[in-house]
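Residue numbers (the numbering used here): 64 to 269.
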């Protein structure tokens, strides 16, 4: 876990243009530095989405339910390469064909760890093959479950503290794609909330 905190991430402006780099650890220290990230959501042939409960040792939002896989591309690394790297590391899955369905900026403070998420998040949909094996890393993933995305969106409003604050935005963009299938980035939306207890933040920018 600690070695990944030393990895480099790409700093970006609100248009998603790169302007520098820093470590994962530095980017997530208050007040946070806006950087590029991705959120993968795997969808099975019946339309169910794979969720992971983040491991207890995670430095940001541990034991919260989140989308299938998250991470940061290293400077110069493509989204597809980075996402498949993290799918392999977290879930033992992949490679997976990915389609970008949206992008947005979100900001969230973790009241439990004091870390900050301030990310330009590319939402990537992957088609999951039911026969594909999964071998989740227990240092990354506490448990897995499948969920109906529409029911999940409703539950995010009922019980937001069970979920990572970015999940609402991920599910919203899955259900209402805003980016052409070519992968070009669409407009970003910045929620006004600043902590995990604020209604605007916990919706994930929906």
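Backbone N, C-alpha and C define an ideal beta-carbon position, used for all residues, glycine too.
Inset, instruction - Could you give the DSSP three-state label for residue 83: helix, strand or coil? - result: Here residue 83 is taken as the residue at index 20 of the chain shown, counted from 1. Residue state, collapsed to three classes: strand.
Legend entry - For residue 82 and residue 128, the rounded distance between their alpha carbons: To locate residue 128, count along the chain shown from 1; it is residue 65. To locate residue 82, count along the chain shown from 1; it is residue 19. Their backbone Cα atoms lie some 32 Å apart in a straight line.
Inset, instruction - Apply the 10 Å Cβ neighbour rule to residue 213 and answer buried if 16 or more other Cβ atoms are within range, or exposed otherwise. - result: Within the chain shown, the letter at position 150 stands for residue 213. Classification of residue 213: exposed, given that the 10 Å Cβ count is below 16.
Inset, instruction - Consult DSSP for residue 218 and reduce its assignment to one of helix, strand or coil. - result: Here residue 218 is taken as the residue at index 155 of the chain shown, counted from 1. Note: residue 218 maps to helix in three-state DSSP.
Inset, instruction - Please confirm if the segment 88-100 is in contact with the segment 177-190, defined as three or more CB-CB distances below 8 Å between the two stretches. - result: yes
Legend entry - Cβ-based burial, residue 134 [other Cβ within 10 Å; buried from 16]: Within the chain shown, numbered from 1, the residue matching residue 134 stands at position 71. Per the 10 Å Cβ criterion, buried.
Inset, instruction - Return the first residue and the last residue of the alpha helix (DSSP H) that residue 127 is part of. - result: Here residue 127 is taken as the residue at index 64 of the chain shown, counted from 1. That residue, residue 127, is in no alpha helix (DSSP H); it is neither H nor E in DSSP.
Inset, instruction - Tell me, to the nearest whole angstrom, how far the beta carbon of residue 132 is from that of residue 149; I am working on the premise that it is less than 8 Å. - result: As a first step, residue 132 is located in the chain shown; it is residue number 69 there, counting from the start. As a first step, residue 149 is located in the chain shown; it is residue number 86 there, counting from the start. At roughly 5 Å, the Cβ-Cβ gap stays under 8 Å, so residue 132 and residue 149 are in contact.
Inset, instruction - Take the Cβ of residue 185 as the centre, count every other Cβ of all protein chains shown within 10 Å, and call the residue buried at 16 or more, exposed below. - result: Along the chain shown, read from residue 1 onward, the residue named residue 185 stands at position 122. Buried, since its Cβ has 16 or more Cβ neighbours within 10 Å.
Inset, instruction - Kindly confirm or deny that the segment 192-207 and the segment 225-238 touch, where touching means at least three C-beta pairs closer than 8 Å. - result: no
Inset, instruction - On a CA-only basis, which of 114, 142 and 139 is nearest residue 130? Give me that one, please. - result: Translated into positions along the chain shown, residue 130 becomes position 67. Measuring from the Cα of residue 130, the nearest candidate turns out to be 114.
Inset, instruction - Look up residue 151 in the DSSP assignment and say whether it is helix, strand or coil. - result: For the purposes of this step, residue 151 is taken as the residue at position 88 of the chain shown. Correct three-state label for residue 151: helix.
Inset, instruction - Quick one: give me the first and last residue of the alpha helix (DSSP H) that residue 208 is part of. - result: Here residue 208 refers to the residue found at position 145 of the chain shown. Where residue 208 is concerned, there is no enclosing alpha helix (DSSP H), although the beta strand (DSSP E) it sits in stretches over 204-210.
Legend entry - Close beta carbons around residue 205, own chain, < 6 Å, minus the five adjacent residues each side: For this step, residue 205 is matched to residue 142 along the chain shown. So the qualifying residues of the chain are 116 and 118.
Legend entry - beta-carbon residue 131 near the ligand NAP non-hydrogen atom, thresh 7 Å: Because no ligand of any kind appears in the structure shown, any question about the ligand NAP cannot be addressed here.
Legend entry - With 16 other Cβ atoms within 10 Å as the buried cut-off, status of residue 156: By one-based count along the chain shown, residue 156 stands at place 93. Buried is the call here.
Legend entry - Counted within 10 angstroms of its Cβ, other Cβ atoms place residue 76 as buried (16 or more) or exposed: Translated into the one-based positions of the chain shown, residue 76 becomes position 13. By the 10 Å Cβ count, residue 76 comes out exposed.
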